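There are 2 protein chains.
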Amino acid sequence: MHGDRDPRPTLEAVAAHAGVSRATVSRVVNGGRGVREELREQVRRSVELLGYVPNIAARSLVTRRTGAVAVVIAEPETRVFSDPFFAQQLRGISRELRERDMQLLLVLIEQPKDYERIGRYLSAGHVDGALMFSLHGADPLAAMVRESGLPTVFGGRPGWPGAETESGLLYVDTDNRGGARQAVAHLRARGRRRIAVITGPLDQTSAQDRLDGYHDALAEPDGAPRQPSPLVAHGAFTAEGGETAMAELLETDPEIDAVFAGSDLMASGALRTLHRRGLRVPEDVAVVGYDDLEPAAWSEPTLTTVRQDVEGMGSMMAELLLRRLDLRPGDAPPAPVVTEARLIVRGSS
Amino acid sequence: MHGDRDPRPTLEAVAAHAGVSRATVSRVVNGGRGVREELREQVRRSVELLGYVPNIAARSLVTRRTGAVAVVIAEPETRVFSDPFFAQQLRGISRELRERDMQLLLVLIEQPKDYERIGRYLSAGHVDGALMFSLHGADPLAAMVRESGLPTVFGGRPGWPGAETESGLLYVDTDNRGGARQAVAHLRARGRRRIAVITGPLDQTSAQDRLDGYHDALAEPDGAPRQPSPLVAHGAFTAEGGETAMAELLETDPEIDAVFAGSDLMASGALRTLHRRGLRVPEDVAVVGYDDLEPAAWSEPTLTTVRQDVEGMGSMMAELLLRRLDLRPGDAPPAPVVTEARLIVRGSS
DNA sequence: CCAACAAGTGAGAGCGCTCTCACGCCCCCC
DNA sequence: GGGGGGCGTGAGAGCGCTCTCACTTGTTGG
C-alpha cells in the first residue's frame, strides 16, 4: 500500500552493473559525448534494465540548475482566471517545456500578501526562469524580477513606466494595435461611419494598444467622410463591463452604427445591451470583438473578431526563455516577439 | 545583466555568523525544537540578516521529499482544457498547497505518447504525490499510479473497472447523482411530463452518475402519472454535441416538454436547437443544465443549473493528498470526499 | 623511434543539506 | 555523593550526482 518506490537504482548501481565508472554512466546519461560507442550502448542497456532515472535533486544540487520554470499568474481579479486564454497559453508552454524536459511550476498569486513571498521564492533559485502574465501597470513582480536577475519572459508587452526603453526585456505579444486597426478598418469598409470602441483596463498594454489601433484606423483616409470624433467607453474586459459600456455609448450617441469591443467577452455584453434595446446586429449596429474565444462562434449572431495564436504565443514564451537560459557569453541575446493578429469575419458585421 | 544570484549564503555561512554549528541552524530553520530560545533567536537574526534561503535541492536529496505535487491533466480532447472548471480547481489546489509551502507542478498530457514518459516521471520520485483529473474509463495513468504507489488523489470518482472496490483509493467528487435528481425532480415539480436527458461521455463517472440521477428522479413517485419511458441522447459534454442531441430528441419525440443537460455547455447547444425550431424556453420546453459556469447566467434565457463548489473541491483534493502524505503508521487513512450539488433556478425552467 | 598529442576512462572531491550519534552539562533521586 | 537521565549542542557521515583532473592508451609527426 505504501509504495515501495525507494529502491531506485543510483548511478553507482548502473556503473557497477555495466562494469564502468560513475563518471562514464553520467556522461552517457547526459548526452554520451566522449564515450566509445560500444561502452555507451552497454551503459544504455544497464540503464534500461535497471530502470534507472536520475535523481534531479542530486543533479541540481551540483549543476545549480533546477530544470524548472515558474509560470506566474497574477490574478488580482477573478476574471483573469476564468479566461480560456491562460489555459491555451499554458498548453503551448507546457508542450515546449516538455520537449526540453523542463518542469512547469505553476504559481498563482491571489492576494497582495502573496507577492513578497513569491518574490523571495523566485529569487531563491528554486527555478531557472519565469514566465509572467498580464501584469497590470506597475506590478510589484516586475521590480522583483529585475532586482533578482531571474531570467523572465512576459506574456504581453510590459507596461510599467520606462519598460519601453529597458534593454534585455523579453516578452511575447500579439499585434494588438494592428489587429484593432484591421477590425475598425473593416467596419469602415462596410460603410460604418459612427464607430465606437469599448476598451479594457488601460493599465494593460493590450487594452491601450487596441485603443490606439482604433484611433489609427479612424485617422486613415479612405475616401469616406471622417467620423466627427472618437467614441470611447471602458469595459474592464468583462461581459458586464461591455454591457454597461454599450449602454453609455448609446446614451452619448444614439446614432452609433458600429462598435469595436476590445474583447469577445465585452462584445457579448454589448450584444446583450443591443438586443435589449431592440437594435439589430449587424443591420443597425455592427459588432466586432477581439480574441476569438469559443463563445464568439456561438453567439447570436456569430461574432466577427480578431484572432491571435494564443497557444503559439505560449510556446514562444517558453522558447524565448529557454534560449535566454542557454545563452553563452558571446551570443546575441534573444529579442521580444510580436505575433500577428487576424480578423475573422462572421455574422455580426 | 546576467543576474548575480549565486552568492547565496549556505547553512554553513549562517552557522558561522551565528557562532553555532550547522546542525543547530538546521534545527532552527526546520521548526526550532530542541534549541534554547536565546540561541534560536540569534540564529533567526543571522538568517534574516544574511537573507538565507534553504537550498531545496540539497534538502530533498537527503529527505527524499521533494515538496512538490504534480497536477496531472489528461486532455485527450481539447474540450477539457477550455473549461473554466480546471482553472477554478487549480486555484483551490494552489491555495492549499501554498499554505503548506508545497509546489505545484503542472503536467499536461496531450498525446498518447506522453503517457509512458509521464508515468515514468511520476514514479521516479520527482514529486511527493499527484492530483489527477477527469480520467476517462480505463486511463493508463490509473494503472501507472497504482503500480508506482505514488500517493494520488483523483478529481472525480475514478471509473475504471473495479475502482469501486479498490481500497485506499482517494478522490473528491461532487454528488452528481443527487444533483441530477434534484434537477429532474424540479422539472417534474414544474409539471413537466416528458423530460429528456442529454448525457456526457458515459466512460466518465460524472456523466454516468448524472444519467443515473435522471433515472432515479423519473422513478420517484410524486402523484403525477409516470413518464412512459426515459428519453436519452448523448452530447459528449460539448455545445455542438448538445445541439445535435437536442435535434435527435425532438426527432424521436416532438412532445418533449423539458430537457436536462449534463452540462451547461450542452444545455447551451440544446438552447440553440430549440431557438432554431421556434420553440420557446421555458414555455414549450424547459431546460436545466449542470455546472453553473459563467455563461449559464448570461444565456437567453438565463439557465437553471446545478452548482458545485469547484474551487472547494480543488482545495479538498490538495488537503486530502497532504493528509495522506503526512500519514503516520498508526493513523487511519483519509477517506474520499463527496461534496454537495445544489440546484440554481433561473429563467429556463 | 620517441615526443607530442588526442581521446577515452576512472578516481575523488564536493554541491548544501539532514540526521544520527556522542558528548557535555545540569538536575534529580536514591 | 555518585549514578542515571534528560536536554542542548556539535561532529561527521552521507544523500546521488557532476566535473575536474590525472591516467592510460592509441595515433601522429618530426
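So the sequences go chain by chain: A and B.
Quick note on this note's numbering: the first sequence kicks off at 2 and runs consecutively.
Quick note on this note's numbering: the second sequence kicks off at 2 and runs consecutively.
No residue lacks a Cβ here, since even glycine has one placed at the ideal position from N, Cα and C.
Remember, it's a predicted structure, so these values are computed and weren't measured experimentally.
Could you give the first and the last residue of the continuous beta strand (DSSP E) run that contains residue 196 of chain A? In the first sequence, counting from the first residue as 1, residue 196 of chain A sits at position 195. Where residue 196 of chain A is concerned, the enclosing beta strand (DSSP E) stretches over 196-200.
Tell me which same chain residues have a C-beta within less than 8 Å of the C-beta of residue 13 of chain B, skipping the five on either side of it? For the purposes of this step, residue 13 of chain B is taken as the residue at position 12 of the second sequence. Excluding positions up to five away in sequence, the list reads 23.
Quick check on DSSP: helix, strand or coil for residue 155 of chain A? Residue numbering aside, residue 155 of chain A sits at position 154 when the first sequence is read from its first letter. Of the three classes helix, strand and coil, the one that applies to residue 155 of chain A here is strand, per DSSP.
For residue 54 of chain B and chain A, any beta-carbon pair shorter than 7 Å? Here the question's residue 54 of chain B lines up with position 53 in the second sequence. Yes, its Cβ sits closer than 7 Å to a Cβ of chain A.
In the structure shown, what three-state DSSP assignment does residue 132 of chain A receive? Within the first sequence, the letter at position 131 stands for residue 132 of chain A. DSSP places residue 132 of chain A in strand when its eight states are reduced to three.
Counting Cβ pairs closer than 8 Å, one from the stretch 183-190 of chain B and one from the stretch 209-222 of chain B, do we hit at least three? yes
Alpha carbon to alpha carbon, how far is residue 316 of chain B from residue 94 of chain B? Give it in angstroms, no decimals. Reading the second sequence from its first residue, position 93 is the one you call residue 94 of chain B. Reading the second sequence from its first residue, position 315 is the one you call residue 316 of chain B. In a straight line, the C-alpha of residue 94 of chain B is about 4 Å away from that of residue 316 of chain B.
Using DSSP with H/G/I as helix, E/B as strand and the rest coil, what is residue 125 of chain A? Counted from its first residue, the first sequence places residue 125 of chain A at position 124. Three-state DSSP puts residue 125 of chain A in coil, outside helix and strand.
Under 7 Å between C-beta atoms of residue 345 of chain A and residue 306 of chain A: Mapped onto the first sequence, residue 345 of chain A falls at position 344. Mapped onto the first sequence, residue 306 of chain A falls at position 305. A distance below 7 Å separates the beta carbons of residue 345 of chain A and residue 306 of chain A.
Residue 127 of chain A touches chain B at which residues, Cβ-Cβ below 7 Å? Here residue 127 of chain A is taken as the residue at index 126 of the first sequence, counted from 1. Here the neighbours are 57.
Under a Cβ-count criterion, where at least 16 other Cβ atoms within 10 Å of its own Cβ denotes burial, should residue 268 of chain B be classed as buried or exposed? On the second sequence, position 267 is the one that residue 268 of chain B refers to. Residue 268 of chain B comes out buried.
Is residue 78 of chain A helix, strand or coil when you go by DSSP? Numbered from its first residue, the first sequence carries residue 78 of chain A at position 77. In this predicted model, residue 78 of chain A has a pLDDT of only 48, less than 50, meaning its place in the structure is not dependable; the value taken from the coordinates is given anyway. It is coil, neither helix nor strand.
Close Cβ partners of residue 325 of chain A (< 8 Å) along its chain, the five nearest in sequence each way excluded: The residue you call residue 325 of chain A lines up with position 324 of the first sequence. 130, 152, 154, 171, 334, 335, listed in sequence order.
For residue 44 of chain A, report the span of its alpha helix (DSSP H) as first-last. Taking the first residue of the first sequence as position 1, residue 44 of chain A is located at position 43. Its alpha helix (DSSP H) spans residues 38-51.
Helix, strand or coil for residue 1 of chain B, going by three-state DSSP, please let me know. Because chain B here runs from 2 to 350, residue 1 of chain B falls outside it and cannot be looked at.
Between the CA atoms of residue 96 of chain A and residue 78 of chain B - distance to the nearest angstrom: The sequence position of residue 78 of chain B within the second sequence is 77, counting from 1. The sequence position of residue 96 of chain A within the first sequence is 95, counting from 1. Its pLDDT being 48, under 50, residue 78 of chain B is placed unreliably by the model, and nothing is read from it.
Following the continuous alpha helix (DSSP H) through residue 205 of chain A, name the residue where it begins and the one where it ends. Taking the first residue of the first sequence as 1, we reach residue 205 of chain A at position 204. Where residue 205 of chain A is concerned, there is no enclosing alpha helix (DSSP H), given that its DSSP letter is neither H nor E.
Is residue 140 of chain A near residue 158 of chain A, with beta carbons less than 7 Å apart? Within the first sequence, numbered from 1, the residue matching residue 140 of chain A stands at position 139. Within the first sequence, numbered from 1, the residue matching residue 158 of chain A stands at position 157. The answer is no: Cβ separation not under 7 Å.
Thinking just about the alpha-carbon of each residue, which of A:246, A:190, A:253 is nearest to the one in residue 224 of chain A? Residue 224 of chain A sits at position 223 when you count from the first residue of the first sequence. Comparing Cα positions, the closest option is A:190.
May I ask you to verify whether the stretch 100-120 of chain A touches the stretch 98-109 of chain B, counting CB pairs closer than 8 Å and requiring at least 3? Yes, they touch.
Under 7 Å, do residue 283 of chain A and residue 230 of chain A count as touching if we go by C-beta distance? Along the first sequence, one-based indexing puts residue 283 of chain A at 282. Along the first sequence, one-based indexing puts residue 230 of chain A at 229. The answer is no: Cβ separation not under 7 Å.
When DSSP labels each residue in this structure, what does residue 273 of chain A get in the three-state scheme? Position 272 of the first sequence, counted from the first residue, corresponds to residue 273 of chain A. DSSP places residue 273 of chain A in helix when its eight states are reduced to three.
Using the beta-carbon of each residue, which ones in chain B are nearer than 8 Å to residue 161 of chain A? Mapped onto the first sequence, residue 161 of chain A falls at position 160. Chain B residues near residue 161 of chain A: none, gap ~19 Å exceeds 8 Å.
Kindly provide the ranges of any beta strand (DSSP E) runs that are 3 or more residues long and lie completely inside the stretch 179-264 of chain A, ordered along the chain. The stretch 179-264 of chain A contains, as complete beta strand (DSSP E) runs of 3+ residues, the segments 196-200, 232-235, 259-262 (chain order).
Proximal residues of chain A, C-beta to C-beta of residue 107 of chain B below 8 Å: Your numbering for residue 107 of chain B matches position 106 in the second sequence. Result: 72, 91, 95, 105, 106, 107.
Can you check whether the CB of residue 240 of chain B is closer than 7 Å to the CB of residue 266 of chain B? Against the second sequence, residue 266 of chain B aligns to sequence position 265. Against the second sequence, residue 240 of chain B aligns to sequence position 239. Contact flag set, yes.
Which residues in chain A sit within 8 Å of residue 255 of chain B, going by Cβ to Cβ distance? For the purposes of this step, residue 255 of chain B is taken as the residue at position 254 of the second sequence. None at all; the shortest Cβ gap to chain A is about 24 Å.
Less than 6 Å between C-beta atoms, sequence neighbours within five positions excluded: which residues of the same chain meet that for residue 289 of chain B? Looking up residue 289 of chain B in the second sequence gives position 288. These residues qualify, in order along the chain: 184, 261, 305, 350.
Close beta carbons around residue 244 of chain B, own chain, < 6 Å, minus the five adjacent residues each side: The count along the second sequence starts at 1 and reaches residue 244 of chain B at position 243. Same-chain partners within the cutoff: 270, 273, 274.
Counting only the same chain and skipping the five closest in sequence on each side, list residues whose C-beta sits under 6 Å from that of residue 320 of chain B. Position 319 of the second sequence, counted from the first residue, corresponds to residue 320 of chain B. Correct list, in chain order: 97.
Backbone secondary structure at residue 115 of chain A - three-state DSSP: Position 114 of the first sequence, counted from the first residue, corresponds to residue 115 of chain A. Note: residue 115 of chain A maps to helix in three-state DSSP.
With a threshold of 6 Å on Cβ separation, who are the neighbours of residue 200 of chain B within its own chain once the five nearest residues in sequence on each side are excluded? What you label residue 200 of chain B is simply residue 199 of the second sequence in a count that begins at 1. Correct list, in chain order: 208, 212, 235, 263.
Just the C-alpha distance for residue 147 of chain B and residue 167 of chain B, rounded to the nearest angstrom, thanks. The sequence position of residue 147 of chain B within the second sequence is 146, counting from 1. The sequence position of residue 167 of chain B within the second sequence is 166, counting from 1. So the two alpha carbons sit approximately 10 Å from each other.
For chain A, find out if any of its Cβ atoms is closer than 7 Å to the Cβ of residue 27 of chain B; answer yes or no. The residue given as residue 27 of chain B occupies position 26 in the second sequence. No - not a single Cβ of chain A is within 7 Å of the one on residue 27 of chain B.
I'd like the list of long-range same chain contacts for residue 48 of chain B, defined as Cβ closer than 6 Å, with 5 residues on each side in sequence excluded. By one-based count along the second sequence, residue 48 of chain B stands at place 47. Same-chain partners within the cutoff: 15.
Just the C-alpha distance for residue 332 of chain A and residue 65 of chain A, rounded to the nearest angstrom, thanks. If you number the first sequence from 1, residue 332 of chain A lands on position 331. If you number the first sequence from 1, residue 65 of chain A lands on position 64. C-alpha separation (whole angstroms): 21 Å.
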